[in-house]
Amino acid sequence: MSSAAIDDIITRAETKKTKQSTKWVIRVFKGACVDLDLGMGSGAIPNSDITTSSDQSSSTPAKNGRLNYTLGSSWCAGTSYTDPYLQIDLQTLHIICAVSTQGNSEANQWVKNYTLQFSMNGTTWTDYKEGGQAKFLRGNDDRDSEVKHVVYGVLTRYVRFLPKTNQGGVCMRTEVFGVRQKPRWKMNTYKSAGNI
Numbered sequence: 001m002s003s004a005a006i007d008d009i010i011t012r013a014e015t016k017k018t019k020q021s022t023k024w025v026i027r028v029f030k031g032a033c034v035d036l037d038l039g040m041g042s043g044a045i046p047n048s049d050i051t052t053s054s055d056q057s058s059s060t061p062a063k064n065g066r067l068n069y070t071l072g073s074s075w076c077a078g079t080s081y082t083d084p085y086l087q088i089d090l091q092t093l094h095i096i097c098a099v100s101t102q103g104n105s106e107a108n109q110w111v112k113n114y115t116l117q118f119s120m121n122g123t124t125w126t127d128y129k130e131g132g133q134a135k136f137l138r139g140n141d142d143r144d145s146e147v148k149h150v151v152y153g154v155l156t157r158y159v160r161f162l163p164k165t166n167q168g169g170v171c172m173r174t175e176v177f178g179v180r181q182k183p184r185w186k187m188n189t190y191k192s193a194g195n196i
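When we follow full-length UniProt numbering, the leftmost residue of the sequence shown carries the number 1, and every step to the right adds one.
Shown next as structure tokens:
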């Protein structure tokens with residue numbers, strides 16, 4: 001689906017007023033949305049917009065947390081930090097449709113499962129939920145395979161990956177997929193599928 005077609009769907013969505021119609025429109029362009037990367041792998045998201053709770057060393061910084069990054073190690077969290085995260089600032093509101101992860105391309109280190117949080121302002125965070133519960137997403141079981149998950153009904157500026165279990169170390173490379181919010185979009189702020 002072309003970006004013009006997606007814009008047309010979003011424009012039509014702007015005339016819809018109910019939650020039901022908003023959910024329907026998101027489903028309409030979900031097929032294309034899950035393939036529209038927002039720029040971690042391509043570098044379109046600048047290094048300054050990728051932050052972390054901690055870095056294991058100077059060779060595992062936040063900027064290395066990009067999908068398919070191979071110029072060095074991935075991002076790896078500091079070992080003394082109990083609640084690590086990798087955070088992406090998209091600068092403007094986006095509808096998030098999917099996320100992907102990989103492990104560390106240089107070592108047998110990867111995140112086995114993780115959760116997501118979203119924020120409109122970078123201060124107040126909301127867990128991604130399905131069925132009313134925080135959703136644990138399956139991560140990786142090797143260095144380089146990409147594992148992608150579709151997420152539902154997320155409108156946000158900030159995305160956080162929160163590793164929960166790991167193999168060899170908290171190391172990951174990530175991508176976020178979605179579309180930028182049109183200025184007149186009438187959707188509410190983030191609500192999980194389990195709470196809509």
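All C-beta atoms, glycine included, are put in the ideal place defined by N, C-alpha and C. Please read these numbers as outputs of a predicted model, since none were measured by experiment.
With distances taken between CA atoms, T115 lies nearest to T165 out of T51, K182, T165 and V34. In chain order, V34 and A98 place their CB closer than 6 Å to the CB of V150, counting only its own chain and leaving out the 5 sequence neighbours on each side. Under DSSP, D89 takes part in a beta bridge, and its partners are Y158. For the stretch 89-166, there is no continuous alpha helix (DSSP H) assignment of 4+ residues that stays within its boundaries. Shown here, D55 sits in coil according to DSSP, grouped into three states, outside any helix or strand. With respect to F177, L38 sits close: the two C-beta atoms are nearer than 8 Å.
Here G78 is near Q56, since their CB atoms are less than 8 Å apart. When Cβ pairs closer than 8 Å are counted between the two stretches, the stretch 81-95 is seen not to touch the stretch 124-139, the count staying below three. In the three-state scheme derived from DSSP, where H, G and I count as helix and E and B as strand, D37 is classed as strand. Straight-line measurement puts the Cα of V154 at about 15 Å from the Cα of Q133. The residue among Q167, V179 and A32 with its C-alpha nearest the C-alpha of A107 is Q167. Nearest neighbour of G169 by Cα position, chosen from N140, M120, S42 and S145, turns out to be N140.
Closest in C-alpha terms to Q87, from the list Q109, G103 and T123, comes T123.
E175 is a Cβ neighbour of S100, given a cutoff of 8 Å.
Annotation: G41 to E146 spans about 12 Å, alpha carbon to alpha carbon. Bridge pairing for T174: R66 and T101 [DSSP].
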